[in-house]
Amino acid sequence: MSNTLEFKQITVWKRIRSSDNSYLFLGMISYIIVSTIIAPAFASSYNIAVVLEQMSVAGILTVGTCMVLISGGIDLSIGMELSASCALMSSIIYAGGSVKGNVFEAIIAGILLCVAGSFVMGFIISRTNVEPFIVSLGFMTIYQGIATIITNGAEYPIPGHMAFATNIRFLTIPLMVYIAIATFVVFGLLIRFMRFGRWLYAVGDNPDAAFLAGISVKNFKLLTYVINGVLVALASILMLSRTQVGNPTLGTGLELTAIAAAVVGGTALAGGKGSIIGAALGTAIVGMIANSLNIIGVNSFYQYVVTGVIIIAAVLINSLRSKRQN
Amino acid sequence: MVLDDKVINKKKLLIDIKNVTKSFSGITVFSDFDFDIYSGEAHCICGENGAGKSTFIKILSGAYQPDQGDITIDGKKIDGKLSPSLSMQLGIQTIYQEHTLMQHMTVLENLFVGREVTSVGVINKREMYKQSIEVLSKIGITHINPAEKVRDLATAQKKFVEIARAFVKEAKIIIMDEPTASFSLNEIEQLLKVVEHLKNAGVGVIYISHHLEEIFYIADRVTVIRDGKKIRTYLKEEINEANIINDMVGREASLFYKREPIEIGEEVMEVKNISGAGVNDVSFKVHKGEIIGISGLLGAGRTEFAEILFGRRRPTAGSISINGKTVNIKKPSDAVKAGMCFITEDRQMTGLFLGQSISLNIILVHSVKYNTRFMRPKNDKESARVLIHELRIRCLGPEQQVRYLSGGNQQKVVLSKWFNVDGEIFIFDEPTKGVDIGAKEEIYALMLNLCRQGKAILMISSDMPEIVAMSDRVLIMKNGAIQADVQKENINSETILSLALGGVVSK
């Protein structure tokens, strides 16, 4: 075997330079530096712990959203699904005012709700031609209804219960942050080292070709929604641990935060493109913006505007870069 | 002589291009190109994929700006930028390979988009209907109802509507890029007639095609390009098949691929009484090392039959056995596990993951067939490298996205995907569609290599030279059934065509 390959060896440097993620990383670092210069409190260990804790729930949801988007789907119901799950778990622990319910039972109930709900939704999406956008929009409203029915419009405070994810700390950082990071790592590895990852991109890129290559596209899509449901369940447990009270508005807007983070991280809504590292960076960037603006003292009304502008700018830069590369 | 001068004077110079050069990031893709076309003339352009034909179209349609050179269109010298809108204003209309019609609107609405006929501000449908019939008949199309929705038309009819639309827009020059891809013989004939009508109406037609027969039929002049350079322009009387092919490939080549005989082994698959969507009671046997050509007109049920074999469609009756064992194929994964490989007709729609790396495209079926749950990126790339090398896929490396490869190299990626699993029966649906002559021969060589290894090949093809040159046996399909089984010694284009048309069987 003389010259098996005449390709140029791609150097690590070149790989870094051509990667979208390194630009995101650079952007994030410069954002941190600028914010720290303007407001040194931004980089205090206390604030870092706060930001990380705030980002954990959204981060886990971003992992699932990223996965669903790569497979060519979309799930708008996750925010309300989280609300419903939190409402259900808190109502079980609240136990009619005694606040003595079984935490373990509550968690199992929350997981069952999310997995069953996502299974039904995934089944409808994968077996019919109805757009996932529409189906998940419907489910979003259904979950909202479920959450309101369970809480009867009020809320269930559960002080002192399920607080493990916030109370247990290593190096001043709460357990839930480690859980979120672990979720990113596990999915990153899953996509890199398992067939699941290859199929994910194939199904998102061209479902017809994937089917003819022998992949059961319907079942695979169903699987992605079920996995997404498991992640929503996990996120809802962490959320309840943080807030210590279940009400129907806990998850409001979280689906959009997750989509924004995934898209800033380079995930394409059309499917077949995206990465977990990108999603992690996207979560970090979207998560930092609000916090840093707060510290700098920007009126919270303006924060929405700034966040929106930064999201659009990030996506724009991404698309211009990929255009130039061709 | 006086008469001749008059004829020449009547013909107006529409486009005159001199010394056009275009380069991308330092690489010259198009250099010192001269080209001209007169009204009422069909000027054909031949060249292999990647020769610069599409760059040429893009320059004329204003999508690319040339670095150097003079372009004169309809007597107007273009100074500065030729933009897409300016190009259209000057009367250049391009019929692309992809359809650009609005699917949910009627033929009539498509024809008159932006120039609707109105009376007192209200759209006058009746007048437009009348005018569209006139326009259609002017270019020789009589079988399309202007009130029909475009999505209900056949592929060829859509193409005719696009040409009519260009005509409505008062095109002086119509560029046709591979207009007859996926046309049946009958439809090709119609298209060539339309081109004649356009010529008579004084339109200059720039016709780009792989199919030399079409070019010989309509061309007034033929320009051959290779590696972005004009090799030669032939006048009508100078046109010579062998010379043009030589100019295209830059070496001696024969139109008919000559294959060596390969010994045919034992039976590997038997198809018994298969029926289903558009397929009617098909039975035959396949042997190792054999290439069975499947010929027939478009709509004869060939692709449908292949899709039933491969589990994309469900059969209503019949059975398939492989190596003596009956196999139950309900979905493509069953077919893959039974040892079948399916190289589909439309590689971009059903064969490739265009936005993904070459390596992902290549390892995918492998992961299905051998149920490998755990995979390593390093191994993926390694198996891709081996196949890239073996099939000589021209690319930057296993991580390059498939969308950036040329047609022939994309087809080789499709083949690699299947070569990566040890299949026994290969179904090729139009294996060399949209592939240039050089890559075509490479694909033929790969197919013969498969036969040598004892694989069996079913080859659906509308390319007559391909069927004649490659097949050991030809099955001719008509209305979903096998019309005839032609043995090696009887294979020739006349027999196949007459059987496919269902006419009197000669011999």
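Residue numbers (the working numbering), protein chains in the order written: chain F, 1 to 326; chain L, 327 to 833.
Beta carbons: idealized from backbone N, C-alpha and C, even for Gly.
In this structure, what does DSSP give as the bridge partners for residue i?
{"i": "Tyr304 (chain F)", "result": "In DSSP, Tyr304 (chain F) forms no bridge with anything."}
{"i": "Ile173 (chain F)", "result": "F:Phe170"}
{"i": "Leu339 (chain L)", "result": "L:Tyr364"}
{"i": "Pro641 (chain L)", "result": "L:Gly602"}
{"i": "Leu113 (chain F)", "result": "The partner list for Leu113 (chain F) (beta bridge, DSSP) is empty, contrary to what the question assumes."}
{"i": "Cys860 (chain L)", "result": "Examination of residue 860 (chain L) is not possible in this model, given that chain L is present from 327 through 833 alone."}
{"i": "Phe359 (chain L)", "result": "L:Val346"}
{"i": "Ile667 (chain L)", "result": "The identity of residue 667 (chain L) in the sequence shown is Cys, whereas the question assumes Ile. Paired residues: L:Phe752."}
By how many angstroms is the C-alpha of residue j removed from the C-alpha of residue i?
{"i": "Asn845 (chain L)", "j": "Arg699 (chain L)", "result": "With chain L represented from 327 up to 833, any question about residue 845 (chain L) goes unanswered, as that position is not in the structure."}
{"i": "Ser136 (chain F)", "j": "Phe119 (chain F)", "result": "12 Å"}
{"i": "Asn206 (chain F)", "j": "Asn219 (chain F)", "result": "15 Å"}
{"i": "Met803 (chain L)", "j": "Gln809 (chain L)", "result": "5 Å"}
{"i": "Ala896 (chain L)", "j": "Val476 (chain L)", "result": "With chain L represented from 327 up to 833, any question about residue 896 (chain L) goes unanswered, as that position is not in the structure."}
{"i": "Leu623 (chain L)", "j": "Leu511 (chain L)", "result": "8 Å"}
{"i": "Asp360 (chain L)", "j": "Leu412 (chain L)", "result": "21 Å"}
{"i": "Ile107 (chain F)", "j": "Ser56 (chain F)", "result": "18 Å"}
{"i": "Gly73 (chain F)", "j": "Gly271 (chain F)", "result": "7 Å"}
{"i": "Leu256 (chain F)", "j": "Leu76 (chain F)", "result": "8 Å"}
{"i": "Gly122 (chain F)", "j": "Gly637 (chain L)", "result": "24 Å"}
{"i": "Ala826 (chain L)", "j": "Glu820 (chain L)", "result": "10 Å"}
{"i": "Ile259 (chain F)", "j": "Thr65 (chain F)", "result": "6 Å"}
{"i": "Asp503 (chain L)", "j": "Ala482 (chain L)", "result": "14 Å"}
{"i": "Ile404 (chain L)", "j": "Thr398 (chain L)", "result": "6 Å"}
{"i": "Lys402 (chain L)", "j": "Ser387 (chain L)", "result": "15 Å"}
{"i": "Ile343 (chain L)", "j": "Ala527 (chain L)", "result": "23 Å"}
{"i": "Ser409 (chain L)", "j": "Gln303 (chain F)", "result": "42 Å"}
{"i": "Arg195 (chain F)", "j": "Leu189 (chain F)", "result": "11 Å"}
{"i": "Lys598 (chain L)", "j": "Asn697 (chain L)", "result": "30 Å"}
{"i": "Glu593 (chain L)", "j": "Gly749 (chain L)", "result": "15 Å"}
{"i": "Tyr225 (chain F)", "j": "Asn687 (chain L)", "result": "24 Å"}
{"i": "Lys519 (chain L)", "j": "Val531 (chain L)", "result": "13 Å"}
{"i": "Ala579 (chain L)", "j": "Asn566 (chain L)", "result": "Residue placement at Ala579 (chain L) cannot be trusted, given a pLDDT of 45 that sits under 50; what the coordinates show is reported in the next sentence. One C-alpha to the other measures close to 14 Å."}
{"i": "Ile822 (chain L)", "j": "Val605 (chain L)", "result": "20 Å"}
{"i": "Ile590 (chain L)", "j": "Glu616 (chain L)", "result": "6 Å"}
{"i": "Ala202 (chain F)", "j": "Ile70 (chain F)", "result": "9 Å"}
Starting from the Cα of residue i, find the closest Cα among the options and give me that residue.
{"i": "Lys295 (chain L)", "options": "L:Ser685, L:Pro392, L:Ile751 and L:Leu774", "result": "Absent from the structure is residue 295 (chain L), since the part of chain L shown begins at 327 and ends at 833."}
{"i": "Glu540 (chain L)", "options": "L:Ile634, L:Cys372 and L:Gly734", "result": "L:Cys372"}
{"i": "Asp208 (chain F)", "options": "L:Gln727, L:Asn687 and L:Met675", "result": "L:Met675"}
{"i": "Phe184 (chain F)", "options": "F:Arg169, F:Tyr156 and F:Thr62", "result": "F:Thr62"}
{"i": "Cys370 (chain L)", "options": "L:Lys657, L:Arg547 and L:Ala377", "result": "L:Arg547"}
{"i": "Met162 (chain F)", "options": "F:Thr141, F:Ala213, F:Arg242 and F:Leu200", "result": "F:Arg242"}
{"i": "Arg720 (chain L)", "options": "L:Ser709, L:Pro703 and L:Lys738", "result": "L:Lys738"}
{"i": "Asn654 (chain L)", "options": "L:Asp672, L:Glu671, L:Tyr364 and L:Ile634", "result": "L:Ile634"}
{"i": "Ala389 (chain L)", "options": "L:Ile418, L:Tyr770 and L:Val446", "result": "L:Ile418"}
Tell whether a beta-carbon distance below 8 Å holds between residue i and residue j.
{"i": "Thr267 (chain F)", "j": "Ala58 (chain F)", "result": "no"}
{"i": "Ala41 (chain F)", "j": "Thr172 (chain F)", "result": "no"}
{"i": "Gly780 (chain L)", "j": "Lys614 (chain L)", "result": "yes"}
{"i": "Tyr533 (chain L)", "j": "Ile544 (chain L)", "result": "yes"}
{"i": "Thr426 (chain L)", "j": "Glu474 (chain L)", "result": "no"}
{"i": "Ile570 (chain L)", "j": "Leu524 (chain L)", "result": "no"}
{"i": "Met67 (chain F)", "j": "Asn228 (chain F)", "result": "yes"}
{"i": "Val740 (chain L)", "j": "Leu678 (chain L)", "result": "yes"}
{"i": "Val232 (chain F)", "j": "Cys114 (chain F)", "result": "yes"}
{"i": "Val51 (chain F)", "j": "Met288 (chain F)", "result": "yes"}
{"i": "Gly619 (chain L)", "j": "Met796 (chain L)", "result": "yes"}
{"i": "Val448 (chain L)", "j": "Ala213 (chain F)", "result": "no"}
{"i": "Ile459 (chain L)", "j": "Ala490 (chain L)", "result": "no"}
{"i": "Pro703 (chain L)", "j": "Arg711 (chain L)", "result": "no"}
Please list, in chain order, the chain L residues whose beta carbon lies closer than 7 Å to that of residue i.
{"i": "Ile33 (chain F)", "result": "Correct list: empty, because the minimum Cβ distance to chain L is about 32 Å."}
{"i": "Ala209 (chain F)", "result": "Thr676, Gly677, Leu678 and Phe679"}
Quick one: list the residues of chain F neighbouring residue i, beta-carbon separation under 7 Å, in chain order.
{"i": "Asn681 (chain L)", "result": "The question names Asn, but residue 681 (chain L) is Gly in the sequence shown. In chain order: Asp205, Gly272 and Lys273."}
{"i": "Leu690 (chain L)", "result": "Arg198, Ala202 and Ala213"}
{"i": "Val662 (chain L)", "result": "Gly214"}
Along chain L, in chain order, which residues have C-beta atoms closer than 8 Å to that of residue i?
{"i": "Met194 (chain F)", "result": "Arg699, Phe700 and Met701"}
In chain F, which residues lie with their C-beta within 8 Å of the C-beta of residue i?
{"i": "Ser659 (chain L)", "result": "Gly214, Ile215 and Ser216"}
{"i": "Phe668 (chain L)", "result": "Leu212"}
Under 9 Å between beta-carbons, which chain F residues line up against residue i? List them in chain order, please.
{"i": "Lys695 (chain L)", "result": "Gly214"}
{"i": "Val605 (chain L)", "result": "Within chain F, no residue comes near Val605 (chain L); the closest Cβ sits about 18 Å away, beyond 9 Å."}
The ligand HEM heavy atoms versus the CB of residue i: any closer than 7 Å?
{"i": "His692 (chain L)", "result": "By its list of ligands, the structure shown contains no ligand whatsoever, and the ligand HEM lies outside what it can speak to."}
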